[in-house]
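Asker: Residue numbers (my numbering), protein chains in the order written: chain H, 1 to 332; chain C, 333 to 664.
#1: Is residue 265 of chain H near residue 325 of chain H, with beta carbons less than 8 Å apart?
#2: For chain H, check one thing: does any of its Cβ atoms lie closer than 8 Å to the Cβ of residue 494 of chain C?
#3: Helix or strand or just coil, what does DSSP make of residue 205 of chain H?
#4: Count the other CB atoms, across all protein chains shown, that sit within 10 Å of the CB of residue 313 of chain H; report buried if there are 16 or more and exposed otherwise.
#5: Jot down the residue ranges of each uninterrupted beta strand (DSSP E) in the stretch 594-655 of chain C, minimum 3 residues, whole runs only, in chain order.
#6: In the DSSP assignment, find the alpha helix (DSSP H) that holds residue 440 of chain C and state where it starts and stops.
#7: In the DSSP assignment, what residue or residues form a beta bridge with residue 561 of chain C?
#8: Alpha carbons only, please: which of H/270, H/201 and H/239 is nearest the one belonging to residue 78 of chain H?
#9: Would you tell me roughly how many angstroms separate the C-alpha atoms of residue 26 of chain H and residue 488 of chain C, rounded to the nearest one?
#10: Let me make sure I understand the geometry here. Which of H/274, H/270, H/15 and H/36 has the alpha-carbon closest to that of residue 170 of chain H?
#11: State the Cα-Cα distance for the pair residue 197 of chain H and residue 385 of chain C, rounded to the nearest angstrom.
#12: Could you name the residues of the same chain whose beta carbon sits closer than 8 Å to that of residue 333 of chain C, not counting the 5 residues immediately before and after it, in chain order?
#13: For residue 219 of chain H, which residues does DSSP report across the bridge?
#14: Would you mind reading off the limits of the alpha helix (DSSP H) that contains residue 394 of chain C?
#15: Taking the alpha helix (DSSP H) that residue 126 of chain H belongs to, which residues open and close that run?
#16: Determine the chain H residues that contact residue 412 of chain C at a beta-carbon separation under 8 Å, and present them in chain order.
#17: Give me the residue from H/60, H/306 and H/72 with the minimum Cα distance to residue 139 of chain H.
#18: Expressed to the nearest angstrom, what Euclidean distance is found between the alpha-carbon atoms of residue 373 of chain C and residue 476 of chain C?
#19: Touching or not, the stretch 421-436 of chain C and the stretch 554-571 of chain C, by the rule of three or more beta carbon pairs under 8 Å?
#20: Ends of the alpha helix (DSSP H) at residue 133 of chain H?
#21: Which of the three DSSP states is assigned to residue 33 of chain H in this structure?
#22: So which of H/304, H/315, H/321 and H/323 has the shortest CA-CA distance to residue 154 of chain H?
#23: Run down chain C in chain order and give the residues with a C-beta less than 7 Å from the C-beta of residue 67 of chain H.
#24: Give the residues of chain C in contact with residue 53 of chain H, contact being defined as C-beta atoms less than 7 Å apart.
#25: Alpha carbons only, please: which of C/638, C/464 and C/607 is nearest the one belonging to residue 397 of chain C?
#26: Could you check whether residue 211 of chain H and residue 375 of chain H sit closer than 8 Å to each other, using their CB atoms as the reference points?
#27: In the DSSP assignment, what residue or residues form a beta bridge with residue 571 of chain C?
#28: Express the C-alpha separation of residue 107 of chain H and residue 98 of chain H in angstroms, rounding to a whole number.
#29: How about residue 551 of chain C: is its C-beta nearer than 8 Å to some C-beta of chain H?
#30: Beta carbon of residue 619 of chain C, beta carbon of residue 578 of chain C: below 8 Å?
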């Protein structure tokens, strides 16, 4: 009896997944991978899942679905001032998934593995009678004892965010309520900006090292700015006050908001921003901003932490409190 | 505006999941966890998923489903001579999942977290329109440079397995084909043995350290003895020869096999054994067995590796080759 051909699963793994494998993954010929943290570093781990139909539209381009799944996790790690080392992939596939879809899914993932220097370390692929489900567990390295958590803010810290807030939430409205979005009268470039901010997060990996040096507390904004800040404040046992006028908006968001002022609710409470939210000593602010700018990234001060009830976030506009109905997305 | 109550997801996490959290998980108040490998160790990572309806019956007790999901991964790590440090949990829940089911799910998981000293490091919980899906990424520690992989076997190694083979495959037949199993005339204890071997893997964590010292190549048997050995041989670029008569069977399996000889196919090719399959230098065998026995674990020599076509496994019975139709389960 000669050697049997590899099983269908082995073939599948070999052909599509093996090109993504990194050092320590034994070309995925093993079912475990080894990781040796760089000297003077500790490991940071996080996990995030996408269920198609819940967190992504079934018609989304497959290469963007896989990249979003990876980037959601890269964003978590970057907001902790850490750099990615690799990831584990769980993929539950419906019988109806076609090979062309999977090819594009893995092509997209491979491009991001390379551009973020974040190889695949292992995975489990299975059939499901349900929707396509992707879970990625990401492993990163942070300087030993230097990782900012959500628990480390102190009263009087400046609160900052990178980039712009609300674009992804508006991009989602644009898809779900095209007639509403038509009233915004956006340019083609503005529409594409919002669409792409929803479809493809931009993890702030390039400034992770700057966050590590300056942040007291930090996290990424994934479930809405105000809701996520509430979580940070709850974990750090303090309150915060932010100014709506200071929240950084893209040109597209400003245009839409001018027509449709109710969008402020979505901008502050919507999710999928994938920006860094951090608190830092007021004395560090100017240097933090300058170092971010040197990497091409804007950072904006939106408020400050204050001693007070754990988790309270006061959102101010023109000196008065601005009431949000929903502060955070929740998938439960 | 006073502090908002935590979201439904935060409440859920707090009440059911937080008691499982380990050091470095910040009581799950953060969305990342930190891990510092013990001195002189490297990290080992693996991931395995359960889709209810594919890898578990919908009527399975919830505490056994969660424990099986964890133990599948603990088995991978133990077979690599590593000890668990903690895990990341992805849980996709159908709307219909009731609180009582979830309570039992987490009670079971907590019991295993404690008995295997393997705490929760983080997770992501989401809704799904599909079946309940669990993915666990496990992180363990192996002595630096001492982890046996699938790639390290050499020609002339002894091939050994722990415990007994085939019980879980027969336990599955017992559930799916009760009329066939009735003909086996098993005692109640034997029936329960097979049922429990299918429902609840017994990871060989207790002998992991012995495996680390003696094994050349090692893996756990999860997709069938012969198919998994083929994978090991393919990875190590050699062949193997095993003797059916030497494959260790439980009393229940022997009773069933005496009535229903066709079961040998299921015993050798069925999955869910969660025993350690390893190769070692013939000179190490006696010491390996003795050390395992001192921990209450039997190990049995079933054959040897030979130079030859990569991935070829010859299964011998009474000096003749025994042909298997299917060597491994595959979920794809």
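Ideal Cβ placement from N, Cα and C applies to all residues, glycine included.
Answerer: From the atom records:
#1: Between residue 265 of chain H and residue 325 of chain H, the C-beta spacing is below 8 Å.
#2: It does not; no Cβ of chain H falls within 8 Å.
#3: Helix, per DSSP.
#4: Only buried fits residue 313 of chain H, as 16 or more other CB atoms lie within 10 angstroms of its CB.
#5: The stretch 594-655 of chain C contains these whole beta strand (DSSP E) runs: 607-612, 631-638 and 645-649.
#6: Taken as a continuous stretch (DSSP letters only), the alpha helix (DSSP H) holding residue 440 of chain C covers 431-447.
#7: Answer is none; residue 561 of chain C lacks a bridge partner.
#8: Of the listed residues, the one whose Cα sits closest to residue 78 of chain H is H/201.
#9: Distance from the CA atom of residue 26 of chain H to the CA atom of residue 488 of chain C, rounded to whole angstroms, is 23 Å.
#10: Residue 170 of chain H has its Cα closest to that of H/270, out of H/274, H/270, H/15 and H/36.
#11: Rounded to whole angstroms, residue 197 of chain H to residue 385 of chain C spans 36 Å at the Cα level.
#12: Its pLDDT being 42, under 50, residue 333 of chain C is placed unreliably by the model, and the measurement read from it follows with that caveat. So no residue of the chain qualifies.
#13: DSSP, once it has assigned bridges, lists H/277 as partnering residue 219 of chain H.
#14: Membership of residue 394 of chain C in the alpha helix (DSSP H) is indicated by the continuous run 394-410.
#15: Taken as a continuous stretch (DSSP letters only), residue 126 of chain H belongs to no alpha helix (DSSP H), being part of the beta strand (DSSP E) at 120-127.
#16: What residue 412 of chain C touches in chain H: 32.
#17: Distance check between residue 139 of chain H and each of H/60, H/306 and H/72 places H/72 closest, using alpha-carbon atoms only.
#18: Roughly 4 Å separates the two Cα atoms.
#19: Contact fails: fewer than three Cβ-Cβ distances are below 8 Å.
#20: For residue 133 of chain H, there is no enclosing alpha helix (DSSP H); the residue is found in the beta strand (DSSP E) stretching over 133-143.
#21: Strand, per DSSP.
#22: With distances taken between Cα atoms, residue 154 of chain H lies closest to H/304.
#23: Among the residues of chain C, none has a CB under 7 Å from the CB of residue 67 of chain H; the nearest is roughly 18 Å distant.
#24: For the C-beta of residue 53 of chain H, the chain C residues within less than 7 Å are, from N- to C-terminus, 461.
#25: When each option's Cα is compared against that of residue 397 of chain C, the closest is C/464.
#26: The question about residue 375 of chain H has no answer, for chain H in this structure spans 1 to 332.
#27: Looking at the DSSP assignment, residue 571 of chain C forms a beta bridge with C/638.
#28: Each residue's alpha carbon lies about 14 Å from the other.
#29: Answer yes: the Cβ-Cβ gap between residue 551 of chain C and chain H drops below 8 Å somewhere.
#30: Contact: no.
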